[in-house]
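Reading through the structure tokens given below for one structure.
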Amino acid sequence: MAQNLYGPRVRMGNWNEDIYLEEELMKDFLEKRAKGQLLIQRNRRLKENLLRPMQLSVSEDGYVHCGDKVMLVNPAHAEVEARLFLGGDLSLCATPDEIKARLSDELEVPCGLSAAQTRIPVGRNTFTILRADGNATGQVLRYGQDFCLATTGGFEDKMLYLSSDHRTLQKSSKRSLLQEAYLTDEVSYLSCWQATFLDPQLRLEYEGAPVPANAKILIYHCRTNRGLAVHRHLFLSTYFGKEAEVAVHTHLDSHRVEKPSNHWMLVTGNPRKDSSAMLDLPKPPAEAPPALEQATDPGAQ
1 MAQNLYGPRV
11 RMGNWNEDIY
21 LEEELMKDFL
31 EKRAKGQLLI
41 QRNRRLKENL
51 LRPMQLSVSE
61 DGYVHCGDKV
71 MLVNPAHAEV
81 EARLFLGGDL
91 SLCATPDEIK
101 ARLSDELEVP
111 CGLSAAQTRI
121 PVGRNTFTIL
131 RADGNATGQV
141 LRYGQDFCLA
151 TTGGFEDKML
161 YLSSDHRTLQ
171 KSSKRSLLQE
181 AYLTDEVSYL
191 SCWQATFLDP
201 QLRLEYEGAP
211 VPANAKILIY
221 HCRTNRGLAV
231 HRHLFLSTYF
241 GKEAEVAVHT
251 HLDSHRVEKP
261 SNHWMLVTGN
271 PRKDSSAMLD
281 LPKPPAEAPP
291 ALEQATDPGA
301 Q
């Protein structure tokens with residue numbers, strides 16, 4: 001099969017057509033670059049929005065309120081069921097599909113979720129607490145009350161809601177094949193959640209009590225009555241690297257108590273520093289014994 005080994009500057013064959021074709025390609029490229037429609041430009045805008053620094057709400061009374069911007073953090077714990085797991089505090093993050101993220105500058109719905117080792121509030125891990133009816137912003141969130149968790153992902157004109165539904169053969173989590181958690185732009189009963197007290201023996205007594213900020217709680221899905229969970233031993237290769245899978249499933253131990261994979265904290269902002277969370281506050285030092293006790297203690301020498 002014959003090949004044209006000459007460039008368009010060599011006037012052989014359809015040299016005039018090749019020159020016009022190169023000019024049209026360059027013109028199309030410059031026009032897309034001026035409008036910001038190149039793939040690399042759209043990809044850069046998506047990444048900038050998802051990683052845009054956010055300001056969390058500061059809790060003055062120690063409780064969580066409707067309308068507050070918080071981070072959903074699974075506290076650090078050792079995963080005894082697996083050798084390899086993602087350690088540290090993991091925050092719930094919006095995670096778009098890796099292929100779609102490279103072709104678009106917006107969040108496609110439904111959008112996936114994952115848990116990442118980040119303690120800095122950015123667009124992809126900052127959620128707003130909303131009442132199910134959309135009213136009464138500023139009221140204290142209480143145990144057993146329906147609420148929604150929404151995120152903008154760093155965008156100004158987009159609001160996505162944390163949702164879930166019963167698993168099917170066509171729809172389930174990627175690694176564990178359990179009930180899937182995802183983000184959608186439609187508000188329905190599938191996007192309603194409830195906060196539950198951690199200790200099952202005191203759960204009825206705390207029904208209707210205010211939900212404290214930066215404390216361990218359980219988050220249950222209203223429709224399926226299953227808890228939001230992090231699978232630290234199941235890794236996902238995401239647009240931002242290796243992260244843990246998030247699913248909706250209640251993991252119980254031998255005493256019928258929820259395991260640490262179902263524990264969550266609604267982390268608020270640090271009043272001492274901008275763009276920081278309460279996780280960054282240093283822990284108080286352990287109280288040392290008084291000097292008089294050390295001097296009189298014979299085993300202290």
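Under full-length UniProt numbering, residues 1 to 301 are what the sequence shown spells out, in order.
Just so it is clear, CB atoms sit at the ideal spot from N, CA and C, and this is done for glycine as well.
Using DSSP bridges, identify the partner residues of residue 191.
DSSP lists no partner for residue 191.
Beta-carbon separation of residue 170 and residue 226 under 8 Å?
The answer is no: Cβ separation not under 8 Å.
Could you check the C-alpha separation between residue 98 and residue 110 for me, to the nearest Å?
When rounded, the distance between both Cα atoms is 13 Å.
Using a Cβ-Cβ cutoff of less than 8 Å, which residues in the same chain neighbour residue 54 once the five nearest sequence positions on both sides are dropped?
69, 121, 122, 123, 126, 154, 275
Can you list, in chain order, the stretches of the alpha helix (DSSP H) that have 4 or more residues and sit fully within the stretch 167-244?
none
For chain B, find out if any of its Cβ atoms is closer than 8 Å to the Cβ of residue 111; answer yes or no.
The chain labelled as chain B is not found in the depicted structure, where only one protein chain is given.
Quick one: measure Cβ to Cβ for residue 102 and residue 39, integer angstroms, because I've assumed they're closer than 8 Å.
7 Å
Can you give the Cα-Cα distance for residue 62 and residue 199, rounded to whole angstroms?
20 Å
Quick one: residues in its chain with C-beta nearer than 6 Å to the C-beta of residue 220, no 5 flanking neighbours on either side, listed in chain order?
Spatial neighbours of residue 220 in its own chain (CB-CB distance under 6 Å, excluding positions within 5 residues in sequence) are listed in chain order as 194, 196, 227.
Assign residue 138 to one of two classes, buried (16 or more other C-beta atoms within 10 Å of its C-beta) or exposed (fewer than that).
Exposed is the call here.
Going by DSSP in three states, residue 81 sits in which element: helix, strand or coil?
DSSP places residue 81 in coil when its eight states are reduced to three.
Less than 6 Å between C-beta atoms, sequence neighbours within five positions excluded: which residues of the same chain meet that for residue 149?
Taking residue 149 as the centre and dropping the five residues before and after it, the same chain places the C-beta of 127, 162 closer than 6 Å to its C-beta, in chain order.
When DSSP labels each residue in this structure, what does residue 50 get in the three-state scheme?
helix
Span separating the alpha-carbon of residue 241 from that of residue 254
34 Å
What are the residues that DSSP puts in a beta bridge with residue 94?
In the DSSP output, where bridge partners are listed per residue, residue 94 has 113.
Work out the CA separation of residue 151 and residue 167 for me, nearest whole Å.
One C-alpha to the other measures close to 23 Å.
Let me check one thing: in DSSP terms, what residues is residue 69 bridge-paired to?
According to DSSP, residue 69 bridges with 128.
Per DSSP, which one or two residues make a beta bridge with residue 138?
According to DSSP, which records beta bridges pairwise, residue 138 is partnered with nothing at all.
Looking at residue 91 and residue 107, is the spacing between their C-beta atoms short of 8 Å?
no
Could you tell me which residues DSSP puts in a beta bridge with residue 264?
217
Which whole-angstrom value is the C-beta distance of residue 142 and residue 189, which I expect to be below 8 Å?
Wrong, their Cβ atoms sit about 19 Å apart, outside the cutoff.
Within 8 Å, strictly: CB atoms of residue 116 and residue 22
no
Less than 6 Å between C-beta atoms, sequence neighbours within five positions excluded: which residues of the same chain meet that for residue 175?
234, 245
Under three-state DSSP, which class holds residue 34?
helix
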